[in-house]
Amino acid sequence: MNDRPETIPPHPSAAPGTGPAMPALDALLHGAVDLHHHGFPEFSLDHPTRQDDAEELRQADAAGMAGIVMKSHFFPTTAVSWRLNRMGLRAQAFASITMNPCAGGFLPIAVEAAARQGARALFMPTWGAAADQRRGGFSHHLTEFLVQARKLDSERGMTVMDASGRIRPEVTDCLAIAAEFGMMVATGHVSPEESLAVVQEAKRLGVREVMFQHPDSRSIGATREDIRRIAAAGGTIEFCAIGFTPAFQRLPMPECLEIIREVGAERVVLTTDCFFGWMPPAPELLRMTLGSMLHHGLSQAEAAMLVRDNPRRLIGLPAWTGEEAAPPVSLPA
């Protein structure tokens, strides 16, 4: 990222009653939606998550969350989401499809089929994207587990634009289906330039919401100006909690808050990108990251936008009323 501060300014002491007290922090998760959550198995049984999908949804439900978007780098999550939603929890599993080669690439019929099976989100390519392969992003991580991933060639990777810089017709067709079915579109691991083109084309076609994914990640490497341009075009900026963990440390928290203030909190979401076995469950990871943001000066109202108000808007849920997502109260036997 550009323009990093040379020193981290001291955080002022919170006035009594205004700090991120635990009950208030927990309450921020009521009605929240995690728009970027990987299940198990993702691409190998040798890459375990902390717990299975059913337990993840149970914990989201216990935290009062409205749901999680199940994302896979390989297959549509319609079947697993359908089964999870038969558990009878208040928290929902929202299905998605990622347009990587194994899901058909930019294949309109695959997008339509996913939409008709309940998918609420359409992700652009991730490891299949030429940009990710050039930057050594997630496609490089795959080589630790999949021998065939070592054969990926960025010259044959997927791009949303042709050599003349125009959106490919098949990409337009997929976006038009997303607009028809009210799906959120996410930019995946395509380049910042491609992401801007996706936002502009999606908006032209009537797509309600577009999420510019983890601009601070190795897969994307966006500049502050990229972020500003995409937000100005109508995109919502995603920051992932995984990026603030000790293993990654993509972006200093104060710089993240600067970006939030630059584009406006109404244009930012916080997701987990839950992926590794060492990560806490999604609700706890969100809570930890929100607590850190509050410590560095984010307001309660801004925090609510990042995890509840904006994600609900993107996935197509009504505004939160405070009625449907408070954790259940255990009754005495």
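The opening residue of the sequence shown carries number 109 in my numbering; numbering runs sequentially from there. Cβ atoms here follow ideal geometry from the backbone N, Cα and C, with glycine treated the same way.
Q: Kindly indicate which residue of Lys311, Phe383 and Arg337 has the alpha-carbon position closest to the one of proline 323.
A: Arg337
**Q.** Collapsed DSSP secondary structure at arginine 228 in the structure displayed
**A.** strand
Q: Rounded to whole angstroms, what's the CA-CA distance from glycine 329 to proline 300? Just pull it up for me.
A: 8 Å
Q | Whole-number beta carbon distance between threonine 267 and threonine 234, since they are thought to touch under 8 Å | A | With 8 Å as the limit, threonine 234 and threonine 267 do not qualify as a contact, their Cβ atoms being about 13 Å apart.
Q. Using DSSP with H/G/I as helix, E/B as strand and the rest coil, what is alanine 355?
A. coil
Q.
In chain order, what are the residue ranges of uninterrupted beta strand (DSSP E) at least 3 long that sit wholly in the region 270 to 342?
A. 292 to 294 and 318 to 320
Q) For the alpha helix (DSSP H) that isoleucine 368 lies in, which residues bound it at each end? A) 361 to 371
Q. Do you know offhand how far threonine 353's Cα is from leucine 153's?
A. 23 Å
Q) In this structure, does DSSP put leucine 136 in helix, strand or coil? A) coil
(Q) Please return the same chain residues whose Cβ sits closer than 6 Å to the Cβ of arginine 416, not counting the five positions on each side in sequence. (A) Gly139, Ala140 and Trp428
(Q) Could you tell me which whole beta strand (DSSP E) segments of length 3 or greater appear in the region 147 to 195? (A) 175 to 179
**Q.** Classification of glutamate 163 by the beta-carbon crowding that lies within 10 angstroms, buried from 16 upward
**A.** exposed
Q | Residues of its chain near glycine 430, where Cβ-Cβ distance is below 8 Å and the 5 sequence neighbours each way are ignored | A | His138 and Gly139
(Q) Could you give the first and the last residue of the continuous alpha helix (DSSP H) run that contains serine 247? (A) 246 to 250
Q | For alanine 142, the three-state DSSP class (helix, strand or coil) | A | The sequence given here has aspartate at residue 142, not alanine. Strand.
Q.
Can you tell me whether threonine 397 is helix, strand or coil according to DSSP?
A. helix
Q. If you pair each beta-carbon of the region 162 to 178 with each one of the region 195 to 209, do three or more pairs fall below 8 Å?
A. yes
Q | Three-state secondary structure assigned by DSSP to leucine 378 | A | strand
Q | Environment of cysteine 382 [buried if 16+ CB atoms lie within 10 Å] | A | buried
Q: Return the CA-CA distance between arginine 420 and arginine 228, expressed in angstroms with no decimal places.
A: 12 Å
Q | Beta-carbon proximity list for cysteine 282, same chain, < 8 Å, skipping 5 on both sides | A | Met207, Phe214, Leu215, Pro216, Val219 and Leu230
**Q.** Length of the line joining the Cα atoms of aspartate 261 and leucine 402
**A.** 42 Å
Q. In this structure, does DSSP put methionine 413 in helix, strand or coil?
A. helix
Q: May I ask which residues mark the beginning and end of the alpha helix (DSSP H) holding glutamine 256?
A: Neither: glutamine 256 is in no alpha helix (DSSP H) and is coded neither H nor E.
Q. Is there at least one Cβ from chain B nearer than 8 Å to methionine 173's Cβ?
A. Note that chain B does not occur in the displayed structure, where there is just one protein chain.
Q. Do arginine 326 and arginine 243 come within 8 Å of each other at the CB atom, strictly closer than that value?
A. yes
**Q.** methionine 195 versus His181, Ser204, Ser180 and Asp169, residue with shortest Cα-Cα distance
**A.** Asp169
**Q.** Whether leucine 422 touches methionine 319 by CB criterion (8 Å)
**A.** yes
Q. In three-state DSSP terms, what is serine 262?
A. helix
Q: To the nearest angstrom, report how far apart leucine 425 and valine 377 are at their CA atoms.
A: 15 Å
Q: Tell me whether lysine 259 is buried or exposed, calling it buried when 16 or more other Cβ atoms sit within 10 Å of its Cβ.
A: exposed
(Q) I'd like the list of long-range same chain contacts for glutamate 252, defined as Cβ closer than 6 Å, with 5 residues on each side in sequence excluded. (A) none
Q: Closer than 6 Å by C-beta to alanine 257: which residues in its own chain qualify, once you throw out the five before and the five after it? Chain order, please.
A: Leu250 and Thr251
Q: For the alpha helix (DSSP H) containing alanine 238, list its first residue and its last residue.
A: 238 to 243
Q) Taking just the CA atoms, how far does proline 391 sit from threonine 331? A) 29 Å
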